[in-house]
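Enquirer: For what it's worth, the UniProt record's numbering labels the leading residue of the sequence shown as 1, then goes sequentially.
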Amino acid sequence: MNQVFVAGIIADRPRLVQPETGAARLTFALNVRHRTAKGVVKQELYTVNAWNNVALWGAKQLAQGQLVALQGYLTQHTRDNGVLSVEITAEEFLPAYKAGRTTAANVKTENNKEALEEKEPEKEIQAAIPEKQDSAEAASESKAAS
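#1: Short of 8 Å in beta carbon distance, which residues of its chain neighbour residue 155, apart from the five on each side in sequence? Order them along the chain.
#2: Secondary structure at A59, three-state DSSP: helix, strand or coil?
#3: Taking the alpha carbon of I10 as the point to measure from, which residue in A69, E20, M1, V17 has its own alpha carbon closest?
#4: Using CA coordinates, which residue listed in P19, V48, V17, A90 is at the minimum distance from L30?
#5: Could you name the residues of the same chain whose beta carbon sits closer than 6 Å to that of G8, not counting the 5 residues immediately before and after it, in chain order?
#6: Quick one: residues in its chain with C-beta nearer than 8 Å to the C-beta of F5, no 5 flanking neighbours on either side, listed in chain order?
#7: Are the CB atoms of T27 and R15 within a distance shorter than 8 Å?
#8: Report the three-state DSSP secondary structure of V83 (helix, strand or coil).
#9: In this structure, does DSSP put N2 in helix, strand or coil?
#10: Between T36 and the rest of its own chain, which residues show a CB-CB distance below 8 Å, the 5 nearest in sequence each way excluded?
#11: Of the choices L67, G58, L84, L74, whose alpha-carbon is the least far from that of E92?
#12: Just curious, the beta strand (DSSP E) that Q43 is in, first and last residue?
#13: Tell me which residues share the same chain as Q18 and place their Cβ nearer than 6 Å to its Cβ, disregarding the 5 neighbours each side in the sequence.
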């Protein structure tokens, strides 16, 4: 199984190459920071590639300096100079949106929050009624016991 989940800051402007025939390709560098077992913070730079609809979506939604998480897989390429290069091919982006940026995902989330806020008072009222019944029952039980 070749699957990775990575989060980091987009280090350069995402570049979309969309030939007239063939697949769209989005490429950018992802700056990832992590702490080693000894507590040393390491900073690594990975080349990320996305293809087809994922590339088109990323070209519209992603920008340099943005925090993004992605799910994908590792790929290897041997460069012209014989150096082995490991890259990440993204299958899905999970961006951390900046304030003011609206997307379908944000709109759906906002609508869900509004729907929950409308339903919460009903839950509070329903929750309060059993408490009153319980205290009334408790009072009648204490009178009966004495």
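Glycine residues also receive a C-beta, built at the ideal position from the N, C-alpha and C atoms. Note that the structure is predicted; figures quoted are calculated from it, not measured.
Expert: Considering the structure as presented:
#1: This structure leaves residue 155 out entirely; the chain is present only between 1 and 146.
#2: For the purposes of this step, residue 59 is taken as residue 59 along the sequence shown, with counting starting at 1. A59: helix per DSSP, three-state reduction.
#3: Indexing the sequence shown from 1 puts residue 10 at position 10. With distances taken between Cα atoms, I10 lies closest to A69.
#4: Position 30 of the sequence shown holds residue 30. Minimum Cα distance to L30 is reached at V48.
#5: If you number the sequence shown from 1, residue 8 lands on position 8. When the five nearest sequence neighbours on each side are left out, the beta carbons in the same chain lying within less than 6 Å of the beta carbon of G8 are those of L30, N31, V32, in order along the chain.
#6: In the sequence shown, the residue the question calls residue 5 occupies position 5. Taken in chain order, the residues that qualify are A69, L70, Q71.
#7: Here the question's residue 15 lines up with position 15 in the sequence shown. Here the question's residue 27 lines up with position 27 in the sequence shown. Against a cut-off of 8 Å, the Cβ pair of T27 and R15 comes out as a contact.
#8: The sequence position of residue 83 within the sequence shown is 83, counting from 1. V83: coil per DSSP, three-state reduction.
#9: Here residue 2 corresponds to residue number 2 of the sequence shown, with the count starting at 1. When secondary structure is reduced to three states using DSSP, N2 falls in the coil class, being assigned neither helix nor strand.
#10: Reading the sequence shown from its first residue, position 36 is the one you call residue 36. Excluding positions up to five away in sequence, the list reads K42.
#11: Locating residue 92 in the sequence shown gives position 92, where the first residue counts as 1. From the listed residues L67, G58, L84, L74, the smallest Cα separation to E92 is found for G58.
#12: Indexing the sequence shown from 1 puts residue 43 at position 43. For Q43, the uninterrupted beta strand (DSSP E) run begins and ends at 41 to 51, by DSSP.
#13: By 1-based counting over the sequence shown, the position of residue 18 is 18. The beta carbon of Q18 is closer than 6 Å to those of A24 in its chain, skipping five residues each way along the sequence.
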